[in-house]
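In terms of our numbering, the sequence shown is residues 1 to 464. Ideal placement from N, C-alpha and C gives every residue a C-beta, glycine not left out. Each remark here refers to the structure printed beneath this line.
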Amino acid sequence: MQVRSGTTISIPELRAAVNGRVIAPDDADYDKARTVFYGGIDRRPTVIVRAADPSDVSHVVSLAREANQELAVRSGGHSLSGLSVSDGGIVLDLSEMKELQIDVEGRTAWAETGLTTGEYTNAVGAHGLATGFGDTGSVGIGGITLGGGVGFLARKYGLTIDDLLAADVVTADGQLRRVDAETNPDLFWAIRGGGGNFGVATRFQFRLHEVDTVVGGMLILPATPEVIYSFVAEAEAAPEELSTIANVMTAPPMPFVPEEHHGKLIVMALMAYAGDTDQGQRAIAPFRGLATPIVDMVGPKSYPEIFFPEEEGFHPVGATRSMFVDAIDRHTAETIVDHLQASSAMMAVAQLRVLGGAMARVPNDATAFAHRGRRIMVNVAALYERLEDKDVHEAWAADFAAAVRQDGTGVYVNFLGDEGEARDREAYPGKTWDRLAAIKQRYDPTNLFRLNHNIPPAIEDSTH
Ligand SMILES: Cc1cc2nc3c(=O)[nH]c(=O)nc-3n(C[C@H](O)[C@H](O)[C@H](O)COP(=O)(O)OP(=O)(O)OC[C@H]3O[C@@H](n4cnc5c(N)ncnc54)[C@H](O)[C@@H]3O)c2cc1C
């Protein structure tokens, strides 16, 4: 198909050229197809292509480049600022590409990037195996992997990218390239944390770990300042088999939460001990001792079972901020309680993730995720319904983050919203940014892949 720069796209020609579905504005499912996880994002792409295979991906990348169209790349659609849907451009939707080849003996799996983390986790879990992603099964393996991947196995086995062995990536020139430690090693370094800046990953090869039974699940405690800072202290002192995600929030009216606690401040903690069951129970005991648990669903279960079922059609509007801190002391815990109580949002939450362990043992310059030594990640979020309340909730999130933040820098790119260029740079501290910009110049000099936390190509030094 011939396309001149700036030309509009011929939908019939595109339909004839690709194997996957092409969804245009007058198709019945166009509105559903342009909907992403977060609500309040109302962008109207010219066309959505549900790629069927890498050749479709390559075709769409070349089309976007030649027609000079904005290109959004979508795996699971969970970008915090809706970066996987374009207004007026092309959406390359990978969600139909779900092939998974599991090598049980070799402990590896090739996974196409349309898989959600839940689909992958269930499929490999059937063999008693796992690769760590995040805490939510509907997140796509595409976005979470390219940004880093912090979840239930982070302290035991590291980030998702620490288990990434290879990838197939379509770069801006439309070429499908193998990317691993030997082949295109610069690109392999960059895609492990650099997000969607370098091309479209069509599939990943992951290492699999034997994670059959874990001691895990949900533990809900009343959220006093003492419980909050003691929880964090226990999580730091715990063996690294244990990773925890503590959500300090008002108790939702869920059937398993006794009614007298609804609307009260709780610590809803998600726990996962990947190791021996008895040792796991011993590791959980100090948390159970912090206060009388309101809900205790922690116990031996298969790894996929620790993921909570999700509500279909849940599209909250979110005001979020993320940061790393060195400690949660009494004062910070009191600040957390005060800010959560002051929120008027449908749901206000401060999420505390104690890091360390295996993810911290990887050198900072080994991948593009360069926050290895950070101790605790804090995400604050107001989830709300009415878009007209945006200013109130954004101001609350910004104030809350400023009150909790300690040294003021650093952010994990996958928890970054639309906060401007300076914050995008904070995701890539030290020399990381310059190294990424140089690789970007090599593989995407026109910045085709710019609908992301963008790393513009380095300006070439003409003297060399
Ligand atoms: C409810 C919720 C829970 C979360 N929990 C965690 C967690 O526990 N741990 C964690 O680390 N993160 C977590 N995240 C953050 C999550 O990792 C990011 O939002 C991630 O970008 C989502 O990936 P996705 O494929 O679903 O998103 P998408 O919106 O589809 O993609 C996000 C961006 O990634 C890029 N991208 C996606 N797929 C590809 C691809 N195949 N090739 C090239 N670029 C691609 C694109 O730039 C795109 O704009 C969570 C997010 C949400 C909303």
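Looking at C-alpha atoms only, which residue of the options is the closest neighbour of residue i?
{"i": "R375", "options": "L355, H393, R361 and R386", "result": "L355"}
{"i": "V227", "options": "P239, L290, G199 and A235", "result": "L290"}
{"i": "M472", "options": "D276, A274, A223 and L270", "result": "This structure cannot speak to residue 472, because the chain is shown only from 1 to 464."}
{"i": "V18", "options": "G140, V57, V85 and R155", "result": "V57"}
{"i": "A403", "options": "I439, H339 and V179", "result": "H339"}
{"i": "L242", "options": "V215, P255, F307 and Q69", "result": "V215"}
{"i": "T131", "options": "F204, V170 and M97", "result": "F204"}
{"i": "H261", "options": "P12, I284 and I220", "result": "I220"}
{"i": "G263", "options": "A223, A109 and Y229", "result": "A223"}
{"i": "Y273", "options": "I294, E259, V267 and I245", "result": "I245"}
{"i": "F256", "options": "T277, R435, P293 and P429", "result": "P293"}
{"i": "T446", "options": "D434, I459 and H453", "result": "I459"}
{"i": "A368", "options": "P429, V170 and E112", "result": "P429"}
{"i": "D162", "options": "A235, L448, V362 and V200", "result": "V362"}
What I want to know is whether the C-beta of residue i ends up closer than 7 Å to one or more non-hydrogen atoms of ligand 1.
{"i": "I161", "result": "no"}
{"i": "V200", "result": "yes"}
{"i": "D135", "result": "yes"}
{"i": "T113", "result": "yes"}
{"i": "R74", "result": "yes"}
{"i": "V36", "result": "yes"}
{"i": "H331", "result": "no"}
{"i": "S79", "result": "yes"}
{"i": "W322", "result": "Here residue 322 turns out to be Ser, not Trp, going by the sequence shown. Every heavy atom of ligand 1 is 7 Å or more from the Cβ of S322, so no."}
{"i": "F287", "result": "no"}
{"i": "S84", "result": "yes"}
{"i": "G195", "result": "yes"}
{"i": "F415", "result": "yes"}
{"i": "V139", "result": "yes"}
{"i": "V466", "result": "Residue 466 lies beyond the residue range present for the chain, which begins at 1 and ends at 464; the question has no answer from this structure."}
{"i": "N452", "result": "yes"}
{"i": "I144", "result": "yes"}
Using the DSSP secondary-structure output, state which residues sit across from residue i in a beta bridge.
{"i": "I102", "result": "A109"}
{"i": "M271", "result": "G217 and T244"}
{"i": "I376", "result": "V325 and V354"}
{"i": "L265", "result": "T250"}
{"i": "L416", "result": "Answer by DSSP bridge pairing: none, since L416 is not bridged."}
{"i": "G140", "result": "T116"}
{"i": "H520", "result": "Residue numbering for the chain in the displayed model covers 1 to 464; residue 520 lies beyond these limits and cannot be assessed."}
{"i": "G147", "result": "Answer is none; G147 lacks a bridge partner."}
{"i": "S302", "result": "T213"}
{"i": "D93", "result": "R50 and R74"}
{"i": "T320", "result": "A381"}
Are the CB atoms of residue j and residue i within a distance shorter than 8 Å?
{"i": "A466", "j": "Y303", "result": "This structure cannot settle anything about residue 466, because the visible part of the chain is limited to 1 through 464."}
{"i": "I41", "j": "Y30", "result": "no"}
{"i": "A51", "j": "D93", "result": "yes"}
{"i": "Y412", "j": "G142", "result": "no"}
{"i": "L352", "j": "V248", "result": "yes"}
{"i": "S86", "j": "P25", "result": "no"}
{"i": "F314", "j": "G118", "result": "no"}
{"i": "D212", "j": "G128", "result": "yes"}
{"i": "Y465", "j": "A348", "result": "Only positions 1 to 464 of the chain appear in this structure, which leaves residue 465 out of reach."}
{"i": "G318", "j": "Y38", "result": "yes"}
{"i": "F133", "j": "T108", "result": "no"}
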